[in-house]
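Here is the structure we will look at.
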Amino acid sequence: MVGAGSAFAEKETTVSSDIIFAQEQIATETVGTAQSQENNQETDSQQVEVAKTEVKNDEIKTIDADKIDELLEINDKTPVEVEKEEVAKAAPVITADASKVDKLISIAKAQLGKPYVYGSTGPKGFDCSGFTTYVFRQMGISLPRVASSQAYGGTRVNKADLQKGDLVFFNTYGGISHVGIYIENGTFIHASSYSGGGVKTDNINSKYYATRYITAARYL
1 MVGAGSAFAE KETTVSSDII FAQEQIATET VGTAQSQENN QETDSQQVEV AKTEVKNDEI
61 KTIDADKIDE LLEINDKTPV EVEKEEVAKA APVITADASK VDKLISIAKA QLGKPYVYGS
121 TGPKGFDCSG FTTYVFRQMG ISLPRVASSQ AYGGTRVNKA DLQKGDLVFF NTYGGISHVG
181 IYIENGTFIH ASSYSGGGVK TDNINSKYYA TRYITAARYL
């Protein structure tokens, strides 16, 4: 019986050892798997960071290239060209109210044929600045009485940007001495003092007025 008991105890010890060994193996494999997964995750994270860095570098290169091109383009321009561009951006062309302009031109054309009368502001006759003063007064706009003063009021307009209703000024006998109202396509209406004059239309590009044109102003 003693021998049988010893054999049983020995067998139980062997089984216990096998169980412990198996548990250790499982634990080792579990740790190894966890470490492997951790290493894989770390590798994946590193690869993602590398990819992000490469994309960011590409973006920086693109931005730098665009900026360099822009700087080179600006550098090729003269200071005057740059200044003109800045002025154009800061001061867009002002467009007059179409309905008001049409009414103004209609009032002006209604005076066609009336005589030139020096010093008169109408309504039966006009001198040049008296005519413009009268027409604008019908629109509720008060102009300075003489042409030279009218030229320095309102908004200065380049010849290429003329619109209906703008005042156009000429040097007919020393400085700004004549004014009319621009209609369109080079035509303007004014009170002329020349023979056969009075309120009539002429063209700013005609031989006489083209060489005497000075400036323009916008009041609408």
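Mapping of the sequence shown onto the UniProt record's numbering: position 105 corresponds to residue 105, and the numbering continues sequentially without gaps. Every residue gets a Cβ at the ideal spot worked out from N, C-alpha and C, and that includes glycine.
Integer Cβ distance of residue i from residue j, believed to fall under 8 Å
i, j, result
"T201", "I214", "With 8 Å as the limit, T201 and I214 do not qualify as a contact, their Cβ atoms being about 19 Å apart."
"Q150", "A217", "7 Å"
"V105", "G165", "At residue 105 the sequence reads Ile, which differs from the Val that was named. So it is a contact: roughly 7 Å between Cβ atoms."
"Y152", "V168", "So it is not a contact: roughly 14 Å between Cβ atoms."
Within 8 Å, strictly: CB atoms of residue i and residue j
i, j, result
"G130", "S142", "no"
"Y209", "F170", "yes"
"K114", "V179", "no"
"S148", "G122", "no"
N-terminal and C-terminal residue of the beta strand (DSSP E) that residue i is part of
i, result
"I195", "Here residue 195 is Ser; the residue named in the question, Ile, does not match the sequence. No beta strand (DSSP E) contains S195, which DSSP labels as neither H nor E."
"A216", "213-218"
"Y182", "178-184"
"V117", "Segment: none, V117 is in no beta strand (DSSP E) and carries neither H nor E."
"T155", "155-157"
"F170", "167-170"
Cβ-based burial, residue i [other Cβ within 10 Å; buried from 16]
i, result
"K124", "exposed"
"Y118", "exposed"
"A98", "exposed"
"Y173", "exposed"
"A4", "For A4, the pLDDT reaches just 44, beneath the cut-off of 50, and the residue's location in the model is therefore unreliable, leaving the point undetermined."
"T132", "buried"
"D127", "buried"
"Q111", "buried"
"A191", "buried"
"A160", "exposed"
Unbroken alpha helix (DSSP H) run spanning residue i, endpoints
i, result
"L143", "Premise fails: L143 is in no alpha helix (DSSP H) and is neither H nor E."
"L104", "98-109"
"Y208", "207-210"
Next on the checklist: Three Cβ pairs or more, each shorter than 8 Å: is that satisfied between the segment 135-144 and the segment 192-211?
Outcome noted: no
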